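Colleague: As given, the protein sequences belong to chains A and B, one line each in that order.
Numbering (the numbering used here) for the first sequence: 23 to 502.
Numbering (the numbering used here) for the second sequence: 2 to 211.
Starting off with a structure, shown below.
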Amino acid sequence: MANSIPIRSRQEVLTKSGVQRIHYVALDVLEKTGVAVHSEKARKILSAAGCDVDNKSAVVRFPPSLVEECARKNDRSVVFYGRTRKHDARLDFDHVHICSDGNGTEAFDFDARVRRPSRKSDVAKSAFVADALKGHGINWPNVTSQDVPQGTRHIHDLQASLENTEKHITIATNTTVWEVEDVLELASAAAGGEDELRKRPFISSIHTSFSPLQIEGESLDAGLRICEAGIPICFYVMPGPGSTGPATLAGSVALAVAEALAGNTIFQLHRPGTAFVFSCGIANLDMKTSTRAGGGPEHGLTSAAYSQMAHHYGFPSLVGGFVTTAKEPDQQAAYEKFASGVTPILAGADMIAGIGLLEDCRTIWLEQLVIDDEMSRIIGRMAKGIEVDDDTLALDVITKVGIGKDYLGNRHTMDHFRTEFFTPVVSDRSSYDTWTAKGSKTLLTRAGDDVKRIFREHTVEPVRSEVGEVAQRLVRKRSK
Amino acid sequence: MEDAVARLRNAVMNYEMETIADLAKQALKDGVDPLVAIEKGLAEGIKTVGERFGRGEIFLPELVMGAEAMKAALAVLEPAVPKGKHRSSAGKVIIGTVQDDIHEIGKNLVSTMLSSNGFEVVDLGVNVPSADFLKKSDELKPQIVAMSALMTTTMPRMAEVIAPLKKKNKAIKVIVGGAPVTDTYAKEIGADGYSGDASSAVDQAKKLVR
Numbered sequence: 023m024a025n026s027i028p029i030r031s032r033q034e035v036l037t038k039s040g041v042q043r044i045h046y047v048a049l050d051v052l053e054k055t056g057v058a059v060h061s062e063k064a065r066k067i068l069s070a071a072g073c074d075v076d077n078k079s080a081v082v083r084f085p086p087s088l089v090e091e092c093a094r095k096n097d098r099s100v101v102f103y104g105r106t107r108k109h110d111a112r113l114d115f116d117h118v119h120i121c122s123d124g125n126g127t128e129a130f131d132f133d134a135r136v137r138r139p140s141r142k143s144d145v146a147k148s149a150f151v152a153d154a155l156k157g158h159g160i161n162w163p164n165v166t167s168q169d170v171p172q173g174t175r176h177i178h179d180l181q182a183s184l185e186n187t188e189k190h191i192t193i194a195t196n197t198t199v200w201e202v203e204d205v206l207e208l209a210s211a212a213a214g215g216e217d218e219l220r221k222r223p224f225i226s227s228i229h230t231s232f233s234p235l236q237i238e239g240e241s242l243d244a245g246l247r248i249c250e251a252g253i254p255i256c257f258y259v260m261p262g263p264g265s266t267g268p269a270t271l272a273g274s275v276a277l278a279v280a281e282a283l284a285g286n287t288i289f290q291l292h293r294p295g296t297a298f299v300f301s302c303g304i305a306n307l308d309m310k311t312s313t314r315a316g317g318g319p320e321h322g323l324t325s326a327a328y329s330q331m332a333h334h335y336g337f338p339s340l341v342g343g344f345v346t347t348a349k350e351p352d353q354q355a356a357y358e359k360f361a362s363g364v365t366p367i368l369a370g371a372d373m374i375a376g377i378g379l380l381e382d383c384r385t386i387w388l389e390q391l392v393i394d395d396e397m398s399r400i401i402g403r404m405a406k407g408i409e410v411d412d413d414t415l416a417l418d419v420i421t422k423v424g425i426g427k428d429y430l431g432n433r434h435t436m437d438h439f440r441t442e443f444f445t446p447v448v449s450d451r452s453s454y455d456t457w458t459a460k461g462s463k464t465l466l467t468r469a470g471d472d473v474k475r476i477f478r479e480h481t482v483e484p485v486r487s488e489v490g491e492v493a494q495r496l497v498r499k500r501s502k
Numbered sequence: 002m003e004d005a006v007a008r009l010r011n012a013v014m015n016y017e018m019e020t021i022a023d024l025a026k027q028a029l030k031d032g033v034d035p036l037v038a039i040e041k042g043l044a045e046g047i048k049t050v051g052e053r054f055g056r057g058e059i060f061l062p063e064l065v066m067g068a069e070a071m072k073a074a075l076a077v078l079e080p081a082v083p084k085g086k087h088r089s090s091a092g093k094v095i096i097g098t099v100q101d102d103i104h105e106i107g108k109n110l111v112s113t114m115l116s117s118n119g120f121e122v123v124d125l126g127v128n129v130p131s132a133d134f135l136k137k138s139d140e141l142k143p144q145i146v147a148m149s150a151l152m153t154t155t156m157p158r159m160a161e162v163i164a165p166l167k168k169k170n171k172a173i174k175v176i177v178g179g180a181p182v183t184d185t186y187a188k189e190i191g192a193d194g195y196s197g198d199a200s201s202a203v204d205q206a207k208k209l210v211r
């Protein structure tokens with residue numbers, strides 16, 4: 023199974039009545055205000071199912087009974103398959119999977135030490151480093167290839183990802199039907215055929231709404247096409263409290279839920295049983311700088327609340343976390359990422375996207391992937407909680423060791439310390455002398471050392487040889 | 002005979018503290034030289050364990066369990082060593098936590114690390130009166146006296162030992178440690194070495210006996 027955090031006791035952020043009231047607001051919005059659905063194909067499906075459709079304005083009003091009925095049609099046992107079996111992520115509502123995130127446009131060059139536009143090699147390197155991380159479960163390409171011809175990015179991004187990770191790949195660049203056709207062809211080549219891909223879809227596809235209450239047509243049509251191949255859909259909603267959503271978090275979560283339910287209704291009507299994942303990144307606008315405050319404490323809260331709503335209906339969730347607006351892997355990066363990551367993990371969101379990037383999901387630092395992985399494992403330990411049984415209570419051991427002795431040389435210590443204690447990879451816990459003797463290395467240097475170790479030691483199962491050929495052929499076709 | 006020695010070495014390396022005493026008894030029964038069993042078996046085994054710990058390959062409980070296994074076998078083998086014969090050692094250390102202080106773990110770790118690196122360690126325990134450090138040094142003639150203090154209120158006890166000790170025997174080396182102790186403080190009270198953790202205590206000790 024894929025790397026994940028088991029949840030022992032969930033720390034939810036909404037009360038039962040809070041969940042109910044958000045649900046009713048979402049239904050009210052869908053029924054009375056509706057959603058502008060800019061896809062003729064989708065509007066036809068919705069009209070046939072009994073929605074009130076105005077083709078001129080593209081606004082669709084949803085009967086609550088239809089929305090609720092479609093919510094029950096979702097696939098209840100979603101698996102995000104890995105390219106290899108050991109990385110299969112079962113979204114069973116009891117495990118949190120940490121994802122890298124998400125199509126940034128800048129990279130801090132690990133060797134040249136400069137910030138520059140992201141390249142295909144950055145997609146490859148970040149996927150490779152993330153593949154080695156023990157806390158990381160799912161790969162959402164950290165950045166996108168910008169050193170390739172226009173119209174071929176989606177092919178290069180997927181090829182670089184397939185070749186450098188065995189983990190599930192979430193794709194956010196399926197914005198047109200023709201791109202989807204390419205992606206399906208390339209993924210099928212990696213799977214060994216279309217049927218194989220349908221059996222074990224190791225890719226998923228992200229489609230978004232445009233808050234408030236709009237769904238763009240081309241991207242939706244692309245989603246409808248790819249779900250026909252059995253590929254899971256992550257429907258990403260991102261109202262920004264105060265800008266594209268109400269300033270109050272409850273209001274923005276309700277708006278987000280409305281948009282997600284509208285999306286689900288369309289997908290379940292088109293292909294019942296589609297694996298539909300409630301996905302969101304609800305971070306407010308900073309009213310001073312007019313930037314998105316992804317690292318704010320509100321982001322973690324909305325992620326947790328939205329995930330709770332998803333689980334209320336029976337959908338798995340993919341939510342934002344580990345986000346920061348910091349420009350370097352500094353203290354602000356650490357506390358903002360921790361603050362936005364801790365709430366959704368403790369709430370038990372199925373997937374949390376965000377590790378690796380700085381500047382509000384814009385810039386990849388390979389060191390940050392390693393640091394964020396460490397942070398996610400720390401929070402993972404918090405989420406695991408305290409297990410109480412005869413063995414962990416250790417009465418016989420306490421009795422045996424008695425008064426004034428120590429537990430270090432005890433078999434019980436040996437049997438438990440590895441699982442009971444979080445073991446740091448890059449955090450330094452040595453004494454001042456040892457630290458200075460080893461060169462007084464900062465966290466960034468130690469994380470860089472670990473990145474180098476991964477490049478030296480890690481290996482990734484090679485992809486089928488057809489992948490390179492198919493990618494090349496598709497690139498030639500789209501370069502014309 | 003080779004096999005019996007190798008078995009003891011492996012038992013230390015595999016932390017078989019519950020069963021190693023039986024192996025040691027069997028070795029004696031089979032006519033193995035106890036000194037060879039100690040030096041080529043136990044000492045080699047614990048040295049490997051210590052090196053692995055130093056490289057970060059294994060964890061503290063494993064190091065301590067290796068030492069526990071060694072101790073269990075030593076308890077059987079040592080009494081069988083003929084009078085007049087001695088184990089070779091990297092040096093003799095007496096160690097203890099100073100008077101009015103009963104903190105033990107740090108001192109025990111240093112003690113374990115030193116013995117796993119070939120030092121002969123005499124542990125005086127905790128709450129050791131300053132006079133006892135002096136008396137035992139006279140008696141046992143160690144190369145190093147190691148003292149631990151975990152409280153700012155008991156740190157001055159270390160100075161209380163060092164002055165008369167050095168007066169009597171200039172050659173004797175003193176190392177100090179414990180959470181509140183710093184390099185500066187160690188120098189101030191005339192100690193020869195200070196270490197902030199168990200691993201660097203070994204480096205200090207090795208430097209001082211060289």
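Heads up, the beta-carbon is just placed ideally off N, CA and C, and yes, glycines get one too.
This structure is a prediction, so every number in the text was calculated from the model and none was measured.
1) State yes or no: is the beta carbon of glycine 197 of chain B nearer than 7 Å to at least one beta carbon in chain A?
2) Taking the CB atoms as reference points, tell me whether methionine 436 of chain A and methionine 66 of chain B lie closer together than 7 Å.
3) Can you tell me whether DSSP reads leucine 307 of chain A as helix, strand or coil?
4) If contact means a Cβ-Cβ distance below 8 Å, which residues of the stretch 440-463 of chain A contact chain C?
5) Give a yes or no on whether 7 Å exceeds the smallest Cβ distance from threonine 467 of chain A to chain B.
6) Considering only the beta carbon of each residue, do valine 59 of chain A and valine 82 of chain A sit closer than 7 Å?
7) Given a limit of 9 Å on CB to CB distance, which residues of the stretch 99-128 of chain B reach chain A?
8) Out of B:Ile163, B:Lys169, B:Lys48 and B:Val82, which one is the CA nearest neighbour of glycine 191 of chain B?
9) Helix, strand or coil: which one does DSSP assign to glycine 322 of chain A?
10) Any idea what DSSP makes of isoleucine 21 of chain B, helix, strand or coil?
11) Do phenylalanine 224 of chain A and tyrosine 103 of chain A have their C-beta atoms within less than 7 Å of each other?
12) Please identify the residue among A:Thr197, A:Val497 and A:Ile44 whose C-alpha is closest to the C-alpha of arginine 247 of chain A.
13) Which residues bound the alpha helix (DSSP H) around histidine 434 of chain A?
14) With a 10 Å radius around its C-beta and 16 neighbouring C-beta atoms as the bar for buried, classify tyrosine 454 of chain A as buried or exposed.
15) Which residues does DSSP pair with valine 146 of chain B in a beta bridge?
16) Check whether the Cβ atoms of valine 175 of chain B and aspartate 204 of chain B sit closer than 7 Å, and answer yes or no.
17) State buried or exposed for lysine 108 of chain B, treating a residue as buried only when at least 16 other CB atoms are found within 10 Å of its CB.
18) With a Cβ-Cβ cutoff of 7 Å, do asparagine 161 of chain A and lysine 189 of chain A count as a contact?
19) Kindly confirm or deny that the stretch 141-152 of chain B and the stretch 96-116 of chain B touch, where touching means at least three C-beta pairs closer than 8 Å.
20) Hey, could you find the ends of the beta strand (DSSP E) asparagine 161 of chain A is sitting in?
21) Can you tell which of A:Asp395, A:Ala416, A:Ala280 and A:Lys349 has the C-alpha that lies nearest to the C-alpha of glycine 343 of chain A?
22) Along the chain, where does the alpha helix (DSSP H) that runs through glycine 426 of chain A open and close?
23) Does DSSP put serine 339 of chain A in a helix, a strand or coil?
24) By how many angstroms is the C-alpha of asparagine 96 of chain A removed from the C-alpha of phenylalanine 534 of chain A?
25) Going along chain B in order, which residues have a C-beta closer than 7 Å to the C-beta of threonine 435 of chain A?
26) Are at least three pairs of beta-carbons, each pair with one atom in the stretch 278-286 of chain A and one in the stretch 251-266 of chain A, less than 8 Å apart?
27) Thinking C-beta only, is glycine 245 of chain A closer than 7 Å to phenylalanine 255 of chain A?
28) When we look at the beta-carbon of phenylalanine 443 of chain A and count the other beta-carbons within 10 Å, is it buried (16 or more) or exposed?
29) Have a look at glycine 42 of chain B and serine 116 of chain B and give me their C-alpha separation to the nearest angstrom.
30) How many Å lie between aspartate 123 of chain A and glutamate 250 of chain A at the Cα?
31) For valine 122 of chain B, I'd like the list of residues in its chain whose CB is within less than 7 Å of its CB, leaving aside the five on either flank, ordered along the chain.
32) Which residues in chain A sit within 8 Å of serine 200 of chain B, going by Cβ to Cβ distance?
33) Return the Cβ separation of glutamine 144 of chain B and glycine 179 of chain B in integer angstroms, given the expectation that the two are a contact with Cβ distance under 8 Å.
34) Applying the 10 Å Cβ sphere with the 16-neighbour rule, what's the burial state of valine 489 of chain A?
35) In terms of DSSP beta bridges, what is serine 452 of chain A paired with?
36) Taking proline 366 of chain A as part of the alpha helix (DSSP H), name the residues at either end of that continuous run.
Modeller: Result, derived from the coordinates:
1) yes
2) yes
3) strand
4) Chain labels in this structure do not include chain C; the protein chains are A and B.
5) no
6) yes
7) Ile103, Glu105, Ile106, Asn109, Leu110, Thr113 and Val127
8) B:Ile163
9) helix
10) helix
11) yes
12) A:Thr197
13) 433-442
14) exposed
15) B:Ile95 and B:Val175
16) no
17) buried
18) yes
19) yes
20) 158-161
21) A:Asp395
22) Premise fails: glycine 426 of chain A is in no alpha helix (DSSP H) and is neither H nor E.
23) strand
24) Not covered by the structure: residue 534 of chain A. The range shown for chain A is 23 to 502.
25) Pro62
26) yes
27) One detail in the question is off: residue 255 of chain A reads as isoleucine in this sequence, not phenylalanine. Yes. Within cutoff.
28) exposed
29) 14 Å
30) 25 Å
31) Val94, Ile96, Ser112, Leu115 and Ser116
32) Thr456
33) The pair is not a contact, with the Cβ atoms about 21 Å apart (cut-off 8 Å).
34) buried
35) The partner list for serine 452 of chain A (beta bridge, DSSP) is empty, contrary to what the question assumes.
36) 353-369
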